[in-house]
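As given, the protein sequences belong to chains A and B, one line each in that order. When you line the first sequence up against our numbering, it's residues 31 to 363, in that order. When you line the second sequence up against our numbering, it's residues 2 to 329, in that order. Report on the following structure.
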Amino acid sequence: MNSDELPKEWSSEESINIYKKMLMIREFETRITKDAGKIKSPLVHPYTGEEAIAVGACAAINEEDYITSTHRGHGHFIAKDGDVNLLMAEIYGKEGGICKGRGGSMHVADFSKNMLGANGIVGAGPPLALGVALASKMRNEGKVVLTFFGDGASNQGMLHESMNLAATWKLPVIFILENNKYGWSTPAQTATAVEDLSLRAQGYGIKGVIVDGNDVIEVYKSTKEAVDLARKGGGPTLIECKTFRWQGQTTTDADKYRSNEEKEEWKKRCPIEIYKKRLIRGEIIDQTMIKEIEEKTLEQVELSVKFSKKSKKPDTGTVLDDIYKNPIDIGGN
Amino acid sequence: MTTETIKMKGSDAIKLAIEEEMERDESVFIMGEDIGQYGGAFSVTAGLLERFGPERVRDTPISENAILGCAVGAAMAGMRPIAEVMFADFLCVCMEMIVNQAAKARYMYGGQVNVPVTIRVPFGTGIMGAAQHSQSFESWFMHVPGLKIVLPSDASDFKGLMKTAIRDNDPVMFFEHKRTYYYTNEVPLDKEFMIPFGQARKFTEGDDVTIVATGAMVQESIIAANKLKEENIQCEVIDPRTLVPLDKKTILGSIEKTGKLVIVDEGCKTCSVSAEIAALVAEEGFQYLKRNIVRINTPDVPIPYAPNLEREIIPSAKLIQNQVKNLI
């Protein structure tokens, strides 16, 4: 292997940024896994092991393009250049959080970055993505939407309706299926009769591809191709990224439904390690830089925790704010 | 500005409002099943496709989740979509996009986003629609913070409230009773004719009984009130027009005067609009009441097909008249 493996359009700086982001997601999730118990928040879904998908896909779009996310959304938030302090503070339930403590882990969103929100309902992102894509199309903006969802969501009726409409109207949406093999405890093969969910694309008349979801470059390349097609008016693509979540469904999940062998097997294919080795072989980074990046990442995560702890709890006097644009009489005590 | 009015049907008044708003604002568009070429199941959108083209008048597949998701997503991205759900009954297959997404987005994302979507919902009985094409679901949505609920009862209100709904920055459920599509009255042609949300309308004045009614029940109540007037019973018929926000002041003010309240609502009785209004009056206007509150609803039964069976359960002017007389 040599540096030719890296996309030619990536500068060294960009290549390193990809690594930094994946590492940031990993360290962020490692830290919040430790802290979730302390802050008594059991519904925190870590993205550990799937970093290459969010980062690779988001590397293929521009700042003004959109993404919709899932209940496992921290990785997408970071990949779309969201502020780690605001992310951490949100999960901490603080006023300084990106959603002022109203949303929490399952609802992190940064509309200033066109990150349109993690979503607590499995499969609810893609229908919303249709509208965002339609808006872009009607205004001739050339913006695309990446909509992330899992193997579990792929069995929701909403996905069928969304892919059909996106294909029929040739909307600039890219369906990014994170197939991590389990919907909570339910193995995908007991929920679906086909192994490759990308086959479904055929039924909508769109292209379906399978990529190694642990290979950030593969994810990037497939997404880039889909994005180029969508921008030209060619409509959607379904990209199935085969991957595995390293942790349980949530930070409190004992995860007894998956064997240690399976987990260890996948850990050998760590997306961050795979990419790091390529950067080293390509002489993009060396051990000194790696150490520096690791330290810097941990430091940033630590700072985000400090930021979150320092941030105030939301003022209870504001609990009825933001239900409507302008307050209405909503009754109550 | 013009003070001119023209007599028209409810359905045409809705169309006029949509037409004016589409002309005024490029971000307004409409989508739904059979709304373009066919002109809508109730002809509300007839002619809009020819006028505005298929980009802004979008016929969709039969995919309510995709229709609603697309509308809500477009609203989040700064458009002002109008989505039609052909029959209220079909709301059951797309509750997700309304209840968990549109209604919650502003709040759960910490006020970062507007959701200016208008969801048009033909509802109610009167066309032999039976159990799955006749229901009144407006009370369900009153239970969902973040939604505004509009339920006009005649053509001029249809126009003024539709324009307000389209320009509103929150998700609006716009309920259109099928029978009221065919009611005619004078509609202002002024393109800035807008009716603010949260302002009830009094159709008749009276000191004896307050009748609060919605949708098609407003006309029934007016007919009853006119009959009762002949017997020297003076009723005040009030249409809240928007259920969220609700004009409590007008309702309570009227009861303060009459001391008697009859609520007429086509929804099934349990947990209905009438239940909410009765609870409001019990909580905040108990001291004004001289009699028990009377609720006239459809009983808790699926809507039957046969016209005589349907008539048996839907509140009518005659029933309202009798109930008011019993109360006095």
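Beta carbons: idealized from backbone N, C-alpha and C, even for Gly. Being a predicted model, the structure only gives us computed values, none of them experimental.
Start-to-end residues for the alpha helix (DSSP H) that takes in residue i
i: B:Glu221; result: Ala217 to Glu231
i: A:Glu57; result: Ser42 to Lys68
i: A:Lys167; result: Gly155 to Met168
i: A:Asp242; result: Careful: A:Asp242 lies outside any alpha helix (DSSP H), inside the beta strand (DSSP E) at Lys237 to Asp242.
i: B:Ile252; result: Lys249 to Thr259
i: A:His75; result: Segment: none, A:His75 is in no alpha helix (DSSP H) and carries neither H nor E.
i: A:Leu117; result: Val114 to Ile121
i: B:Ile150; result: Element bounds for B:Ile150: not the alpha helix (DSSP H) but the beta strand (DSSP E), Lys149 to Val151.
i: A:Thr220; result: Ala218 to Ala221
i: A:Leu36; result: No alpha helix (DSSP H) contains A:Leu36, which DSSP labels as neither H nor E.
i: B:Thr3; result: Neither: B:Thr3 is in no alpha helix (DSSP H) and is coded neither H nor E.
i: A:Glu191; result: Gly187 to Thr198
i: B:Met129; result: From DSSP, B:Met129 is part of no alpha helix (DSSP H); its letter is neither H nor E.
i: B:Tyr182; result: No alpha helix (DSSP H) holds B:Tyr182; DSSP gives it neither H nor E.
i: A:Phe141; result: Taken as a continuous stretch (DSSP letters only), A:Phe141 belongs to no alpha helix (DSSP H), as it is neither H nor E.
Neighbour list for residue i in chain B, Cβ cutoff strictly below 9 Å
i: A:Gly147; result: Met77, Ala106, Met109, Tyr110, Gln113 and Val114
i: A:Leu195; result: Thr61, Pro62, Ser64, Ala67, Ile68, Gly70 and Cys71
i: A:Phe141; result: Met77, Tyr110, Gln113 and Val114
i: A:Ser192; result: Ser64, Asn66, Ala67, Gly70 and Cys71
i: A:Thr327; result: Within 9 Å Cβ-Cβ: nothing; A:Thr327 doesn't reach chain B, min ~26 Å.
i: A:Ala165; result: Ser28, Gly74, Ala75, Ala76, Met77, Ala78, Gly79, Met80 and Pro82
i: A:Thr346; result: Ordered by position in chain B, no residue passes the 9 Å Cβ test against A:Thr346, which lies about 15 Å from the chain.
Residue i - containing beta strand (DSSP E), residue span
i: A:Thr177; result: Val175 to Gly180
i: A:Ala84; result: Taken as a continuous stretch (DSSP letters only), A:Ala84 belongs to no beta strand (DSSP E), being part of the alpha helix (DSSP H) at Glu81 to Cys88.
i: B:Ile212; result: Val210 to Ala214
i: A:Ile97; result: Tyr96 to Thr98
i: B:Ile239; result: Cys236 to Asp240
i: A:Phe205; result: Val203 to Asn209
i: B:Thr119; result: Thr119 to Phe124
i: B:Glu267; result: Leu262 to Cys269
i: B:Glu177; result: Val173 to His178
i: B:Met9; result: Thr6 to Lys10
i: B:Lys243; result: Residue 243 of chain B is actually Thr in this sequence, not Lys. Its beta strand (DSSP E) spans residues Thr243 to Val245.
Contacts that residue i makes with chain B (C-beta to C-beta distance below 7 Å)
i: A:Leu160; result: Ala67, Gly70, Cys71 and Gly74
i: A:Ala231; result: Going along chain B, no residue has its Cβ under 7 Å from A:Ala231, so there is no contact; the nearest lies around 17 Å.
i: A:His137; result: Met109 and Tyr110
Listed by chain order, chain A residues near residue i by CB distance under 8 Å
i: B:Gly199; result: Ile358 and Asp359
Proximal chain A residues relative to residue i, where beta-carbon distance stays under 9 Å
i: B:Gly375; result: Outside the shown range of chain B, which is 2 to 329, sits residue 375 of chain B, and nothing can be said about it.
i: B:Gln102; result: Asn149, Ile151, Ala154, Pro157 and Leu158
i: B:Asn170; result: Tyr354, Lys355 and Asn356
i: B:Met195; result: Those do not exist, as B:Met195 stays about 15 Å from chain A at its closest Cβ, beyond 9 Å.
Listed by chain order, chain A residues near residue i by CB distance under 7 Å
i: B:Glu56; result: Met168
i: B:Met98; result: Pro157
Within chain B, the residues that residue i reaches when beta carbons sit closer than 8 Å
i: A:Lys130; result: Gly111 and Gly112
i: A:Met188; result: Asn66, Ala67, Gly70 and Glu97
i: A:Gly133; result: Met109, Tyr110 and Gly111
i: A:Thr198; result: Pro62
Check: Do the stretch 134 to 152 of chain A and the stretch 96 to 114 of chain A make contact, defined as three or more Cβ pairs closer than 8 Å?
Finding: yes
Check: Between the stretch 64 to 93 of chain B and chain A, which residues of the former have CB atoms less than 9 Å from a CB of the latter, in chain order?
Finding: Ser64, Glu65, Asn66, Ala67, Ile68, Leu69, Gly70, Cys71, Ala72, Val73, Gly74, Ala75, Ala76, Met77, Ala78, Gly79, Met80 and Pro82
Notebook entry, point to check: Counting only runs that start and end within the stretch 31 to 97 of chain B, where is the alpha helix (DSSP H) found for 4 or more residues in a row?
Noted result: 49 to 53 and 65 to 77
Checklist line | Segments assigned alpha helix (DSSP H), at least 4 residues, entirely inside the stretch 251 to 300 of chain A | finding: 290 to 297
Next item on the list: Please name the residues in the stretch 238 to 250 of chain B whose beta-carbon is closer than 8 Å to at least one beta-carbon of chain A, in chain order.
Entry: Answer in chain order: Val245, Pro246, Leu247 and Lys249.
Notebook entry, point to check: Is there contact between the stretch 119 to 127 of chain B and the stretch 326 to 341 of chain A, where contact requires at least three CB pairs shorter than 8 Å?
Noted result: In this structure the stretch 119 to 127 of chain B does not touch the stretch 326 to 341 of chain A; the number of beta carbon pairs closer than 8 Å is below three.
Margin query: My parser needs the alpha helix (DSSP H) runs of 4 or more residues fully inside the stretch 278 to 321 of chain B; what are they?
Written below: 308 to 314
Checklist line | Runs of beta strand (DSSP E) lying entirely within the stretch 300 to 349 of chain A, each at least 3 residues, in chain order | finding: Listed in chain order, there is nothing to give.
Notebook entry, point to check: Are the stretch 109 to 119 of chain A and the stretch 195 to 203 of chain A in contact at 8 Å, needing three or more beta carbon pairs?
Noted result: no
Checklist line | Where the stretch 259 to 284 of chain B meets chain A: residues whose CB sits under 7 Å from a CB there | finding: none
Checklist line | Minimum length 3: unbroken beta strand (DSSP E) runs contained in the stretch 184 to 209 of chain B | finding: 185 to 189
Margin query: When you compare the stretch 79 to 88 of chain B with the stretch 201 to 217 of chain A, are there three or more beta-carbon pairs, one atom per stretch, that lie closer than 8 Å?
Written below: no
Margin query: Any contact between the stretch 219 to 234 of chain B and the stretch 162 to 169 of chain B? By contact I mean 3 or more CB pairs, one from each, below 8 Å.
Written below: no
Check: Would you say the stretch 279 to 288 of chain A touches the stretch 219 to 229 of chain A, given that touching needs at least three Cβ pairs under 8 Å?
Finding: With a cut-off of 8 Å on Cβ pairs, the stretch 279 to 288 of chain A is not in contact with the stretch 219 to 229 of chain A, counting fewer than three such pairs.
Margin query: Three Cβ pairs or more, each shorter than 8 Å: is that satisfied between the stretch 73 to 80 of chain B and the stretch 160 to 175 of chain A?
Written below: yes
Margin query: Against chain B, which members of the stretch 110 to 126 of chain A pass a CB distance test of less than 7 Å?
Written below: Against chain B - using a Cβ distance shorter than 7 Å - the stretch 110 to 126 of chain A contributes no residues.
Notebook entry, point to check: Is the stretch 64 to 71 of chain B in contact with the stretch 89 to 101 of chain B, if contact means three or more CB pairs nearer than 8 Å?
Noted result: yes
Margin query: Pairs of beta-carbons, one from the stretch 10 to 27 of chain B and one from the stretch 44 to 52 of chain B, closer than 8 Å: are there three or more?
Written below: yes
Notebook entry, point to check: Is it true that the stretch 286 to 305 of chain A meets the stretch 263 to 270 of chain A, where meeting means three or more beta-carbon pairs spaced less than 8 Å apart?
Noted result: Three or more beta-carbon pairs separated by less than 8 Å are not found between the stretch 286 to 305 of chain A and the stretch 263 to 270 of chain A, which leaves the two stretches without contact.
Notebook entry, point to check: Counting Cβ pairs closer than 8 Å, one from the stretch 264 to 278 of chain B and one from the stretch 189 to 201 of chain B, do we hit at least three?
Noted result: no
Notebook entry, point to check: With a cut-off of 8 Å, do at least 3 Cβ pairs link the stretch 130 to 149 of chain B to the stretch 234 to 251 of chain B?
Noted result: yes
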